[in-house]
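Novice: First the structure, then my questions, so here it is.
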Amino acid sequence: MTTNEMQELNKNEKQKTQRYKGREESSKVEKKKLIHRGTKRSFPIWLRLLLLVCGIIVCFAVGTMIGYGVLGDGKPMNVFEKETWTHIIDLVEKEK
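Residue numbers for the sequence shown follow the numbering used here, beginning at 238 and rising by one.
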């Protein structure tokens with residue numbers, strides 16, 4: 238190889254590294270754009286949490302109705318009466 242060929246190879250390598258640096262910088266800018274774009278939510282977090290709490294309450298109510306009505310041979314709607322819960326609490330405290 239002659240020195241001219243070596244110089245051309247070095248120039249080509251430098252150009253490649255400069256292009257790579259340009260891509261790297263543009264990818265950083267794109268990542269920042271994605272981060273900023275992601276902050277606008279169509280379904281806000283507070284609404285998600287509210288729906289989660291409501292779902293937990295509904296699942297608890299359905300579970301107690303099934304447990305008391307189907308497994309316990311009682312009326313499922315009796316689960317929402319205060320007397321039912323005082324009776325359950327008395328049974329639990331009595332066993333201690």
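We put the beta carbon where it would ideally sit given N, CA and C, even for glycine.
All values reported here derive from a predicted model rather than from experimental measurement.
Given a threshold of 16 other Cβ atoms within 10 Å of its Cβ, counted over all protein chains shown, does Val316 qualify as buried or as exposed?
Specialist: As a position in the sequence shown, residue 316 is number 79, starting the count at 1. Result: buried.
Novice: According to DSSP, simplified to helix, strand and coil, what is Phe280?
Specialist: Stepping through the sequence shown from its first residue, residue 280 is reached at position 43. Coil, per DSSP.
Novice: Here's a check: name, in chain order, each residue in its chain whose Cβ is nearer than 8 Å to the Cβ of Gly300, leaving out the five neighbours to either side.
Specialist: Translated into positions along the sequence shown, residue 300 becomes position 63. Nothing listed; no residue qualifies.
Novice: Thr323 to Val329, Cα distance in whole Å?
Specialist: As a first step, residue 323 is located in the sequence shown; it is residue number 86 there, counting from the start. As a first step, residue 329 is located in the sequence shown; it is residue number 92 there, counting from the start. If I take the Cα positions, the gap works out to 10 Å.
Novice: Under the three-state reduction of DSSP, which class applies to Glu330: helix, strand or coil?
Specialist: The residue labelled residue 330 in the question sits at position 93 within the sequence shown. Helix.
Novice: Does DSSP put Glu245 in a helix, in a strand, or in coil?
Specialist: Walking along the sequence shown from the start, residue 245 turns up at place 8. In this structure, Glu245 counts as helix in the three-state DSSP scheme.
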